[in-house]
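Participant:
Number of protein chains: 2
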Amino acid sequence: TQQLFPSRTSRPKPFRVTNANRSMKKGIMADGLRDLLNKAMDAFHVSCVSALVLDEDGTGVDTEEFFQTLKENTVFMVLEKGQKWTSHQNKDSQV
Amino acid sequence: TQQLFPSRTSRPKPFRVTNANRSMKKGIMADGLRDLLNKAMDAFHVSCVSALVLDEDGTGVDTEEFFQTLKENTVFMVLEKGQKWTSHQNKDSQV
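Heads up: the protein sequence lines correspond to chains A and B, in order.
Sequential numbering of the first sequence, starting at -9, is according to our numbering.
Sequential numbering of the second sequence, starting at -9, is according to our numbering.
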């Protein structure tokens, strides 16, 4: 018997998504970037997402390809229009 | 059976690219230096890249050979004409 290996969007993986000020964080299962985006919008009641970035360093995740390289439980930050990523502890750096 | 080993541009790897003032950073998949350059130009809407350098110390990455030695998720900075690499303001607050 032969088994097909799903090359792109495989089975859902767990991710964690926080809002811009890190006051809330939610666990979300997603099988792709678009899926995570939709579910994050639902979870945080955001109607217009400006970007989905990595919480650790603010890297914008715009492509499915890059998304698929991320590990389970990677922490994302969902940004609405006008919001910007800031680093964790000290927000001393100017913009 | 014989297997072909891809000598030059193997499968795409994830990288991270920031702009000159580090206000934006994006995750980009690329299988080579030229590929990364093209995608970085698209991602940042830059029409004329002056250089692609390492974010950590400003090392210019000009050759495919050197590029291929870099690890996944290496952070690059894309420089437009007239822009220069500068060191992080304070890089002590990382992970």
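Note that beta-carbon positions come from the ideal geometry of N, C-alpha and C, so glycine has one too.
1. How about the region 60 to 67 of chain A and the region 20 to 39 of chain B: do they share at least three Cβ pairs that are nearer than 8 Å?
2. Classify residue 24(B) as helix, strand or coil using the three-state DSSP reduction.
3. Which runs of the alpha helix (DSSP H) at least 4 residues long sit entirely within the region 42 to 82 of chain B? Give them in chain order.
4. Please report the distance separating the alpha-carbon of residue 51(A) from that of residue 43(A).
5. In angstroms, rounded to a whole number, what distance separates the CA positions of residue 41(B) and residue 6(B)?
6. Kindly say whether residue 65(B), judged by its beta-carbon, lies nearer than 9 Å to any beta-carbon of chain A.
7. Compile a chain-ordered list of the residues in the region 49 to 61 of chain A whose CB is closer than 7 Å to at least one CB of chain B.
8. The region 14 to 31 of chain B: which residues have C-beta closer than 7 Å to a C-beta of chain A, in chain order?
9. Closer than 9 Å, CB to CB, is residue 69(A) near chain B or not?
10. With a CB to CB cut of under 6 Å and the five nearest residues on each side skipped, what residues in its chain are close to residue 3(A)?
11. Could you tell me which residues DSSP pairs with residue 39(B) in its beta bridges?
12. Among 15(A), 24(A), 12(A) and 13(A), which one has its Cα closest to the Cα of residue 55(A)?
13. From what residue to what residue does the beta strand (DSSP E) around residue 6(B) run?
14. Got a sec? Which residues, its chain only, sit under 6 Å from residue 12(B) by beta carbon, not counting five neighbours each side?
15. Would residue 43(A) pass as an interface residue toward chain B - the criterion being a Cβ-Cβ separation below 9 Å?
16. For residue 71(B), is the classification buried or exposed, using 16 other Cβ atoms within 10 angstroms of its Cβ as the cut-off for buried?
17. Going by DSSP, name the residue or residues bridged to residue 19(B).
Facilitator: So, from the listed chains and residues:
1. no
2. helix
3. 54 to 57
4. 6 Å
5. 15 Å
6. yes
7. 49, 50, 51, 52, 53, 55, 56 and 59
8. 14, 15, 16, 17, 18 and 19
9. no
10. 62
11. 70(B)
12. 24(A)
13. 3 to 8
14. none
15. yes
16. exposed
17. 4(B)
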